[in-house]
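Numbering (our numbering), first residue to last: 5 to 426.
Idealized CB from N, CA, C, for every residue including glycine.
One structure is given here, and the rest of the page talks about it.
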């Protein structure tokens, strides 16, 4: 009888354990197998993923579309995710207190929300909508601001500042550019976060340039669950060799890039989460509950062995219930994160004659040796008569820069949709 009860409890437990162990879409594995095209195809049907993961899936889909040149479609996805991440309250919070933290909707850490706004702003800017871009860059700065009372950093992610300057310049507003530069000058000169020697942090340098290159290097940070019952979420730095880039146009060097944003630094400078304390408590409670349940089962078995069948059955039954509750209690930290983000963001600005140009980008390691396998040639750059050309490039895996507007406006899934007969 006792054995049957324990087996029944084990079978009852299995579905809940499986639910807690389900993992989100592995974007890194998809990138290794088929690059951005594989990610874009896999995420075509966002609604087929658990609701708790859909915001992250939207960011993956938008990123892959942007990387392949489908800018208008990427904009729509980033905007949809932006609305959830900035205006939604999320769901699954109650379930996260007892079951897995992954029951919660993924809303992103501050740096992930900043990247969402940043990419949306860059797409708007490239699509000729500077006012919409301005709002996105302002939001990236806002969500990047830590809790100053807790001693966290003020907004210190420079890519959003630089592009906000470009928006102000498109209005002819040099005073606001200087205001942003004054904010930057008050920031701690954290070498890990940005290179203070960046030569374009002045009004004159911003005015003189008509080409803005945002170069993304390496892989961004990722999370692992460690410690007691995996209750501690640890932020790990991605590994990569590239340290800076040099850009050429028509055989002439436009100069080298300077770091203006470090994703790992952004991830670790926003303090802890409310959920961290909850997970610590769950880990302690889980251990105590399992121990109590196991002890009660042992005592029940001993009572039954000495002829106290009823008392033994009741004690073992209570113990089994407590043990199951302890096993169900999932104290593991949520390790979901945007695995497609870069490790660093670099800036290179230049002045070129209006018209079509082709760029060559070379990437170098810390010792100054070129990583020849990453060299990018024939990168199209169209400099307008008024305004500027703003490009986002990636060292590896590289982004595709479209030459024709037809791709920018195209439906990336058109070839996958069935053709309706007339």
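Distance from the Cα of residue 236 is smallest, within the candidate group 127, 176, 209, 339, for 339. With a contact defined as Cβ atoms closer than 8 Å, residue 69 and residue 44 qualify at about 6 Å.
For residue 263, the uninterrupted beta strand (DSSP E) run begins and ends at 262 to 266, by DSSP. Contact between residue 71 and residue 404 is confirmed by a C-beta separation of about 7 Å, below the 8 Å threshold. Distance from the CA of residue 345 to the CA of residue 175, rounded to the nearest whole angstrom, comes to 31 Å.
Here the C-alpha atom of residue 210 lies approximately 43 Å from the C-alpha atom of residue 51. Residue nearest to residue 261 within the set 215, 270, 238 is 215 (criterion: CA-CA distance). Per DSSP, residue 67 has no beta-bridge partner at all.
Note that the C-beta distance between residue 147 and residue 117 is below 8 Å.
Counting along the chain, residue 175 sits inside no alpha helix (DSSP H), nor does DSSP assign it H or E at all.
Buried is the label assigned to residue 348, since at least 16 other Cβ atoms lie within 10 Å of its Cβ.
When the Cα atoms are used, residue 392 and residue 78 turn out to be separated by approximately 22 Å.
Residue 409 sits in a helix when the DSSP states are folded into three classes. Beta-bridge partners assigned by DSSP to residue 221: 348. DSSP, read as helix, strand or coil, puts residue 48 in coil. Rounded to the nearest whole angstrom, the CA to CA distance from residue 227 to residue 161 is 21 Å.
Residue 228: member of the beta strand (DSSP E) spanning 226 to 230, first to last residue. Sequence-distant partners of residue 73 (beyond 5 residues in either direction) whose C-beta falls short of 6 Å from its own C-beta, in its chain, are 404, 406, 411. Bridge partners of residue 257 according to DSSP: 252. Around the C-beta of residue 363, 16 or more other C-beta atoms lie within 10 Å, and the residue is accordingly described as buried. A Cβ-Cβ separation of about 13 Å leaves residue 120 out of contact with residue 80 under the 8 Å criterion. Beta-bridge partners of residue 239 (DSSP): 227. From the listed residues 196, 247, 266, the smallest Cα separation to residue 372 is found for 247. For a cut-off of 8 Å, the C-beta gap from residue 357 to residue 383 is around 17 Å, too long to register as a contact. For residue 394, the secondary structure class from DSSP, reduced to helix, strand or coil, is strand.
Bounds of any beta strand (DSSP E) do not take in residue 89; it lies within the alpha helix (DSSP H) bounded by 75 to 91. Put simply, the backbone Cα of residue 242 is about 10 Å away from that of residue 267.
Annotation for residue 117: the continuous alpha helix (DSSP H) segment containing it runs 114 to 130.
Taking 8 Å as the cut-off, the beta carbon of residue 123 is found no closer than this to the beta carbon of residue 64.
The beta carbon of residue 202 sits closer than 7 Å to those of 262, 264, 351, all from its chain and outside the five residues before and after it, given in chain order.
When secondary structure is reduced to three states using DSSP, residue 358 falls in the coil class, being assigned neither helix nor strand. Residue pairing by DSSP puts residue 368 in a beta bridge opposite 248, 374. Within 10 angstroms of the beta-carbon of residue 420 lie fewer than 16 other beta-carbons, which makes it exposed. DSSP places residue 35 in the helix class (H, G or I) of the three-state scheme. Around the beta carbon of residue 107, 16 or more other beta carbons sit within 10 angstroms, so the residue counts as buried. One alpha carbon belongs to residue 57, the other to residue 253, and they sit about 42 Å apart.
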